[in-house]
Amino acid sequence: MRAVSLPETRHGERTLLVTLVLVIAALSALPVLRLLIEGFSLAGGLSLAPLRRALDDPATWVATRNSFETAIGGTVLAVILGTVVALTVSLTDFRARHAFVFCFVLPLMIAPQVTALAWLQVTGPASPLLQMLGLAPPMGSKNPLYSREGIILLLGIQYAPLVFLTLRAGLRQLPREMIEAAQAAGAGRWVVLRTVILPLMTPGLIAGTALAFVSSIGNFGIAALLGIPGKYVVLPTLIYQRLAGLGPSVLSEVAVLSMIVGIIAAGGILVQDVLARRSDYRIATTSIAARPFPLGRWRRPVETFAWTFTALVLAIPLLGLVIMSLVPAYGVALNWGTATFANYAYVLVEHAAAKRALFNSMWLAGTAAALIVVVSIPLAYFLVWRRSRLLRVLGLAAELPYVLPGVVLAIALILLLLKPIPLLGLALYNTVWIILVAYLARFLVLGLKPIISGYQQLDRGLEEAAQVAGARLFQRLRQILAPIVAPAAAAGALLVFLTAFNELTVSALLWSSGAETLGVVVFSFEQAGESNYAAALAVLTVALTVGLMGATAGFARRLPEGVLPWRD
Amino acid sequence: MARLTLESVSRRFGAFTALDRVSIDVADGELLAVLGPSGCGKTTLLRAVAGFDPVDEGAITIGERRVSAAGIHVPPEERRVGIVFQSYALWPHMSVAENVGYPLRVAKTPVPERQRRVDETLALVGLTGFNTRKPAELSGGQRQRVALARCLVMTPSLVLLDEPLANLDVHLRHAMEAELASLHRRTAMTMIYITHDQAEAMALADRIAVMDNGAVLQLASPSMLYREPASETVARFIGEGMVVDADIAGRAADATRRHATIGSIPVAIRAPAGSRVEGGARVCLRPRDLAIAAPGEPALEAHVVRTLYRGGAFRIEARAGATGDEILRLDAPEPCGLKPGDAVRLALKDGWLLG
Numbered sequence: 001m002r003a004v005s006l007p008e009t010r011h012g013e014r015t016l017l018v019t020l021v022l023v024i025a026a027l028s029a030l031p032v033l034r035l036l037i038e039g040f041s042l043a044g045g046l047s048l049a050p051l052r053r054a055l056d057d058p059a060t061w062v063a064t065r066n067s068f069e070t071a072i073g074g075t076v077l078a079v080i081l082g083t084v085v086a087l088t089v090s091l092t093d094f095r096a097r098h099a100f101v102f103c104f105v106l107p108l109m110i111a112p113q114v115t116a117l118a119w120l121q122v123t124g125p126a127s128p129l130l131q132m133l134g135l136a137p138p139m140g141s142k143n144p145l146y147s148r149e150g151i152i153l154l155l156g157i158q159y160a161p162l163v164f165l166t167l168r169a170g171l172r173q174l175p176r177e178m179i180e181a182a183q184a185a186g187a188g189r190w191v192v193l194r195t196v197i198l199p200l201m202t203p204g205l206i207a208g209t210a211l212a213f214v215s216s217i218g219n220f221g222i223a224a225l226l227g228i229p230g231k232y233v234v235l236p237t238l239i240y241q242r243l244a245g246l247g248p249s250v251l252s253e254v255a256v257l258s259m260i261v262g263i264i265a266a267g268g269i270l271v272q273d274v275l276a277r278r279s280d281y282r283i284a285t286t287s288i289a290a291r292p293f294p295l296g297r298w299r300r301p302v303e304t305f306a307w308t309f310t311a312l313v314l315a316i317p318l319l320g321l322v323i324m325s326l327v328p329a330y331g332v333a334l335n336w337g338t339a340t341f342a343n344y345a346y347v348l349v350e351h352a353a354a355k356r357a358l359f360n361s362m363w364l365a366g367t368a369a370a371l372i373v374v375v376s377i378p379l380a381y382f383l384v385w386r387r388s389r390l391l392r393v394l395g396l397a398a399e400l401p402y403v404l405p406g407v408v409l410a411i412a413l414i415l416l417l418l419k420p421i422p423l424l425g426l427a428l429y430n431t432v433w434i435i436l437v438a439y440l441a442r443f444l445v446l447g448l449k450p451i452i453s454g455y456q457q458l459d460r461g462l463e464e465a466a467q468v469a470g471a472r473l474f475q476r477l478r479q480i481l482a483p484i485v486a487p488a489a490a491a492g493a494l495l496v497f498l499t500a501f502n503e504l505t506v507s508a509l510l511w512s513s514g515a516e517t518l519g520v521v522v523f524s525f526e527q528a529g530e531s532n533y534a535a536a537l538a539v540l541t542v543a544l545t546v547g548l549m550g551a552t553a554g555f556a557r558r559l560p561e562g563v564l565p566w567r568d
Numbered sequence: 001m002a003r004l005t006l007e008s009v010s011r012r013f014g015a016f017t018a019l020d021r022v023s024i025d026v027a028d029g030e031l032l033a034v035l036g037p038s039g040c041g042k043t044t045l046l047r048a049v050a051g052f053d054p055v056d057e058g059a060i061t062i063g064e065r066r067v068s069a070a071g072i073h074v075p076p077e078e079r080r081v082g083i084v085f086q087s088y089a090l091w092p093h094m095s096v097a098e099n100v101g102y103p104l105r106v107a108k109t110p111v112p113e114r115q116r117r118v119d120e121t122l123a124l125v126g127l128t129g130f131n132t133r134k135p136a137e138l139s140g141g142q143r144q145r146v147a148l149a150r151c152l153v154m155t156p157s158l159v160l161l162d163e164p165l166a167n168l169d170v171h172l173r174h175a176m177e178a179e180l181a182s183l184h185r186r187t188a189m190t191m192i193y194i195t196h197d198q199a200e201a202m203a204l205a206d207r208i209a210v211m212d213n214g215a216v217l218q219l220a221s222p223s224m225l226y227r228e229p230a231s232e233t234v235a236r237f238i239g240e241g242m243v244v245d246a247d248i249a250g251r252a253a254d255a256t257r258r259h260a261t262i263g264s265i266p267v268a269i270r271a272p273a274g275s276r277v278e279g280g281a282r283v284c285l286r287p288r289d290l291a292i293a294a295p296g297e298p299a300l301e302a303h304v305v306r307t308l309y310r311g312g313a314f315r316i317e318a319r320a321g322a323t324g325d326e327i328l329r330l331d332a333p334e335p336c337g338l339k340p341g342d343a344v345r346l347a348l349k350d351g352w353l354l355g
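Heads up: the sequence lines are chains B and P, in that order.
Take the first sequence: its position 547, counted from the start at 1, is 547 in our numbering, and no numbers get skipped.
Take the second sequence: its position 121, counted from the start at 1, is 121 in our numbering, and no numbers get skipped.
1) Is there a Cβ of chain D sitting closer than 9 Å to that of B:V373, yes or no?
2) Considering only the beta carbon of each residue, do P:C284 and P:P229 sit closer than 9 Å?
3) Is B:A489 close to chain P, meaning its C-beta is less than 9 Å from at least one C-beta of that chain?
4) Which chain B residues sit within Cβ distance under 9 Å of P:W91?
5) Let me make sure I understand the geometry here. Which of P:R21, P:A347, P:G239 has the alpha-carbon closest to that of P:I265?
6) Assuming the contact rule is C-beta atoms closer than 8 Å, P:L217 and P:S231 should be a hit. Round their C-beta distance to whole Å, please.
7) Identify the contact partners of P:G82 in chain B, using a Cβ-Cβ distance below 8 Å as the criterion.
8) On the premise that B:L394 lies in contact with B:R442, defined as a C-beta separation below 8 Å, what is that separation, rounded to the nearest angstrom?
9) Per the DSSP calculation, P:Y193 is bridged to which residue(s)?
10) Find the nearest neighbour of B:A535 within the set B:V233, B:G267, B:G554, B:T115, judged by alpha-carbon distance.
11) Using only CA atoms, which one of P:V277, P:S87, P:L127 lies nearest to P:A166?
12) For the beta strand (DSSP E) that contains B:M139, what are its first and last residues?
13) Between P:E137 and chain B, is the shortest Cβ-Cβ distance under 9 Å, so that the two count as touching?
14) Using the DSSP secondary-structure output, state which residues sit across from P:Y309 in a beta bridge.
15) Listed in chain order, which residues of the segment 185-200 of chain P have Cβ atoms closer than 7 Å to some Cβ of chain B?
16) Is there at least one Cβ from chain B nearer than 9 Å to P:V106's Cβ?
17) Should the segment 408-422 of chain B be called in touch with the segment 29-36 of chain B, which here means at least 3 C-beta pairs below 8 Å?
18) Thinking P:G239 and P:R306 are a contact (beta carbons under 8 Å), I'd like their distance in whole angstroms, please.
19) Between the segment 110-126 of chain B and the segment 141-161 of chain B, do at least 3 Cβ pairs fall closer than 8 Å?
20) Say whether the segment 70-87 of chain B touches the segment 165-183 of chain B, bearing in mind that this needs 3 or more beta-carbon pairs closer than 8 Å, one atom from each stretch.
21) Could you tell me which whole alpha helix (DSSP H) segments of length 4 or greater appear in the segment 78-125 of chain B?
22) The alpha helix (DSSP H) with P:S129 in it runs from where to where?
23) Would you call B:F341 buried or exposed, if buried means 16 or more other Cβ atoms sit within 10 Å of its Cβ?
24) If you draw a straight line from the C-alpha of B:S324 to the C-alpha of B:S507, how long is it?
25) Just to confirm the assignment, what range does the beta strand (DSSP E) spanning P:Q218 have?
26) What does B:Q475 touch in chain P if you count any residue whose Cβ is under 7 Å from its own?
27) Quick one: Cα of B:V349 to Cα of B:A339, how far?
28) Would you list, in chain order, the members of the segment 241-260 of chain P that have their beta-carbon closer than 8 Å to a beta-carbon of chain B?
29) What residue does the alpha helix (DSSP H) around B:F525 start on, and which one ends it?
30) Does the structure place the segment 9-20 of chain P close enough to the segment 545-555 of chain B that three or more beta carbon pairs sit under 8 Å?
31) Buried or exposed: B:M1, going by 16 or more other Cβ atoms within 10 Å of its Cβ?
32) If the cut is a Cβ gap below 9 Å, which residues of chain B does P:F85 touch?
33) Since B:A471 meets chain P, which of its residues come closer than 7 Å, beta carbon to beta carbon?
34) How long is the line joining the alpha carbons of B:L130 and B:A136, rounded to whole angstroms?
35) Which residues in the same chain have their Cβ closer than 7 Å to the Cβ of B:A329, if we skip the five residues on either side of it in sequence?
Shown next as structure tokens:
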């Protein structure tokens with residue numbers, strides 16, 4: 001057998017790899033393992049009481065049924081919307097495509113609780129917009145969105161971009177010869193769509209569907225803002241209510257609930273895997289993109305319809321949010337006399353928790369983005385260029401906390417960190433640090449993916465040339481590879497920052513006094529009926545999010561295709 | 001003194017043998033070309049010498065130092081081997097001077113000396129004044145020179161060139177070929193030149209190692225490869241060789257030749273020392289060994305299969321009943337009235353007895 005000695009240089013490499021394995025293990029494998037141990041110890045009869053309590057409680061099964069209803073409904077809506085838009089944008093001579101894709105994908109980047117809040121402002125009896133139009137339902141009537149249908153509608157809008165993006169990526173790679181060959185064989189455009197394009201898109205459709213389903217099952221922001229007032233409880237909100245009401249004493253019980261969520265999500269992924277394996281339509285050739293089908297006289301109506309739709313689901317709710325943030329109290333109509341910036345002043349200057357939350361979310365998101373990039377640059381290097389079984393497992397482990405719903409990760413981290421870490425004596429529970437740990441675990445893969453595609457586009461020779469020039473691994477990473485993948489790393493950092501900055505699901509379960517996040521404060525304001533403050537804070541986060549998304553235009557040219565979801 | 005020695009180096013990927021007991025000695029200052037079709041193992045050979053891949057068996061020695069063997073693997077960063085990559089692998093975020101100076105920066109060479117040596121090396125490759133340009137602002141030929149300069153600046157013990165001209169267009173390729181040759185003369189550096197283009201290898205190399213299926217078939221000077229191929233494979237691969245059956249009937253007056261009969265035509269062919277003096281054998285013919293026969297001259301009766309105009313001359317491809325399926329190729333000066341299907345009589349001038 002080959003016995004290659006490991007001279008000094010290889011030790012640096014090994015140390016780095018071991019460090020990365022430990023980091024991933026601590027962030028991903030350990031919490032999930034801890035949750036599984038809890039599950040087995042319950043199932044193993046060590047303490048059956050929590051298991052029985054959770055499974056005997058009718059609320060568990062109502063929430064499970066509700067979760068299925070909303071997730072399936074939301075997924076169906078998302079798939080229909082996402083597919084229609086992806087096909088229209090990719091295959092026709094639809095104009096102003098870039099602007100439309102930016103708007104269509106925007107809901108994905110806006111926090112679900114903000115989307116919910118915005119919709120509530122335009123649909124309720126107190127809607128300043130409806131009042132200005134004189135269309136508001138009578139005061140005291142229930143907002144129609146506080147219902148199962150409301151949740152399904154918003155889940156569908158929130159996650160349609162996920163289906164869109166996976167399909168769009170597939171459609172981009174569809175070689176134009178395949179369409180032209182079908183046309184040459186005499187097929188009209190609808191026949192080509194049905195017999196060639198859609199079948200080839202099945203893998204993307206399956207992946208997008210699974211993604212939308214898993215996201216819907218785990219969604220907390222929409223379910224909480226619409227479901228809690230509407231007394232329509234799904235599993236994530238049930239977990240939240242139990243934990244918020246009774247504290248860590250019910251931890252074993254909510255662990256059971258979070259495992260149910262985890263099992264449903266895992267089931268969705270499993271079904272996807274089985275289906276994907278049956279439809280291996282990998283496209284072997286590469287070619288220029290298909291030439292668009294002319295819409296002809298339908299072009300104007302289609303474009304009008306698309307932009308009207310965008311206005312309805314994006315612009316009007318956001319406008320409602322802005323209006324709500326400018327009126328002095330719930331139910332007051334906006335005019336020159338009533339408009340005020342007092343709500344902004346309140347959340348930015350007076351309210352201590354809101355100020356803290358702004359600061360906390362900023363530094364948590366910033367720190368998470370920076371640390372994730374620092375870990376991802378060497379991690380992606382190993383994943384792309386040093387294939388081995390260990391690294392394949394490592395790559396999957398890094399994805400796990402993002403694939404699993406946020407509530408599952410949050411409960412797992414509480415179980416893991418409730419007691420101080422042995423040996424170190426560090427107590428993270430009830431501090432802001434547990435949120436940072438959760439962000440690192442959950443969003444690592446968001447930062448990692450763009451950097452991986454960055455490396456995949458690189459000529460390996462760039463590294464080897466530095467190697468023969470005498471540069472050690474750390475030197476190569478620092479002086480050669482990091483600068484070259486920097487644009488992709490910046491994109492990854494931005495995705496992490498925006499997602500963490502807008503995040504609610506994880507921090508709703510992990511926050512403590514003094515460690516609030518923006519999501520938590522917006523949610524608390526709305527729960528306390530102070531929609532004006534919630535709206536003001538939400539407008540600020542949307543402005544920052546859209547501003548940062550727009551700021552990427554400067555370096556987007558240098559990015560691998562598809563790295564920034566809102567860039568078409 | 002040998003600069004690079006490979007002793008029976010083998011490299012396997014699963015059941016596939018990429019390098020099969022390869023032994024090569026490269027003398028100090030020599031330019032050795034490694035020539036073979038794609039998949040023949042030449043890139044694996046380069047990567048083993050550079051240290052990117054370990055060897056399964058055998059040993060590699062650079063200068064006095066054993067760098068690869070069972071239990072030994074000196075990493076690439078410690079081998080002081082320069083490589084010019086096929087893609088050039090210039091770092092896009094660094095200027096020309098930064099690219100070229102990188103090996104010195106890694107070696108912590110003081111800045112003034114670094115600048116001086118970068119300037120000297122850029123002058124050597126004819127890029128004086130390009131210091132601040134970025135790779136994206138250079139033409140293909142200029143990138144090639146930067147890649148060369150980056151490799152030369154570290155005064156490597158050995159330079160590996162991986163199909164360095166493959167990405168250039170035809171005109172530039174000839175110019176760079178001449179420049180590489182002159183650079184090799186001036187620097188007297190030991191170079192290993194990987195290529196699948198035999199014209200390039202013939203033009204540049206002191207010696208050529210012909211590889212196929214992971215093994216070295218023959219290692220010899222270009223003219224030896226052409227005149228005296230060691231095997232049928234080499235004979236066919238190099239110089240448009242044809243291989244036909246012959247009967248050998250004793251030594252010719254010139255002792256290095258044999259009397260041979262090819263399809264009833266007698267011809268005195270060259271033969272390796274100690275080769276057979278009688279019996280059936282295989283013979284390598286080059287296009288220049290064939291000619292259209294004068295009237296009355298003993299000749300193979302053949303018919304033209306194809307004619308190709310090559311500017312000033314025609315390449316004639318013909319088939320003779322006596323030599324079976326082998327396509328016989330020869331050049332005929334313009335004007336030439338032959339068309340496919342015409343009968344033609346081919347005289348044999350020379351040949352090489354394959355051992």
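The C-beta atom is built at its ideal place from N, Cα and C for all residues, glycine as well.
Predicted model, so just to flag it, every value in this text is computed and none were measured.
Short version:
1) Annotation note: the requested chain D is absent from the structure, which comprises protein chains B and P.
2) Closer than 9 Å, so yes.
3) Taking 9 Å as the CB threshold, B:A489 stays off the interface with chain P.
4) Under the 9 Å cutoff, chain B gives L462, A465, A466, Q479, I480, P483, I484.
5) Of all alpha-carbon atoms in P:R21, P:A347, P:G239, the one lying nearest the alpha-carbon of P:I265 is that of P:A347.
6) Contact holds; Cβ gap of about 6 Å.
7) Residues of chain B with a Cβ closer than 8 Å to the Cβ of P:G82 are, in chain order, V468.
8) Incorrect: roughly 17 Å between the Cβ atoms, too far for contact.
9) P:A33, P:L161, per the DSSP bridge assignment.
10) The option with the nearest alpha carbon to B:A535 is B:T115.
11) Cα-wise, what sits closest to P:A166 is P:S87.
12) In the DSSP assignment, B:M139 falls outside any beta strand (DSSP E), carrying neither H nor E.
13) Closer than 9 Å: no.
14) P:F314.
15) Of all residues in the segment 185-200 of chain P, none has a Cβ within less than 7 Å of some Cβ in chain B.
16) For P:V106, the answer is yes, since a Cβ of chain B falls inside 9 Å of its Cβ.
17) Between the segment 408-422 of chain B and the segment 29-36 of chain B, the count of C-beta pairs closer than 8 Å reaches three or more; the two stretches touch.
18) Rounded to the nearest angstrom, the Cβ distance from P:G239 to P:R306 is 19 Å, too far for a contact under 8 Å.
19) Yes, the segment 110-126 of chain B touches the segment 141-161 of chain B.
20) As far as the Cβ criterion goes, the segment 70-87 of chain B touches the segment 165-183 of chain B, which means the pair count is three or higher.
21) Listed in chain order, the complete alpha helix (DSSP H) runs (minimum 4 residues) inside the segment 78-125 of chain B are 97-109, 112-123.
22) The residue you asked about is not Ser; residue 129 of chain P is Gly in the sequence shown. For P:G129, there is no enclosing alpha helix (DSSP H), as DSSP marks it with neither H nor E.
23) It is exposed - the Cβ of B:F341 has fewer than 16 other Cβ atoms within 10 Å.
24) In the sequence as presented, Ser is not what sits at residue 324 of chain B; that position holds Met. Here the C-alpha atom of B:M324 lies approximately 25 Å from the C-alpha atom of B:S507.
25) For P:Q218, the enclosing beta strand (DSSP E) stretches over residues 215-220.
26) Neighbours of B:Q475 in chain P, taken as residues at a C-beta separation under 7 Å, are given in chain order as V106.
27) The alpha-carbon separation between B:V349 and B:A339 amounts to approximately 19 Å.
28) Of all residues in the segment 241-260 of chain P, none comes within less than 8 Å of chain B when Cβ atoms are compared.
29) That run of the alpha helix (DSSP H) goes 518-527.
30) As far as the Cβ criterion goes, the segment 545-555 of chain B does not touch the segment 9-20 of chain P, which means the pair count is below three.
31) Here the model assigns B:M1 a pLDDT of 35, short of 50, so the residue's position is not dependable, and the following value carries that caveat. Counting Cβ neighbours within 10 Å, B:M1 comes out exposed, since fewer than 16 surround it.
32) Around P:F85, the beta-carbon contacts reaching into chain B at under 9 Å are D459, G461, L462, E464, A465.
33) Those are E77, V106, listed as they occur along chain P.
34) Distance between the alpha carbons of B:L130 and B:A136: 5 Å.
35) Closer than 7 Å at Cβ, skipping near neighbours: N532.
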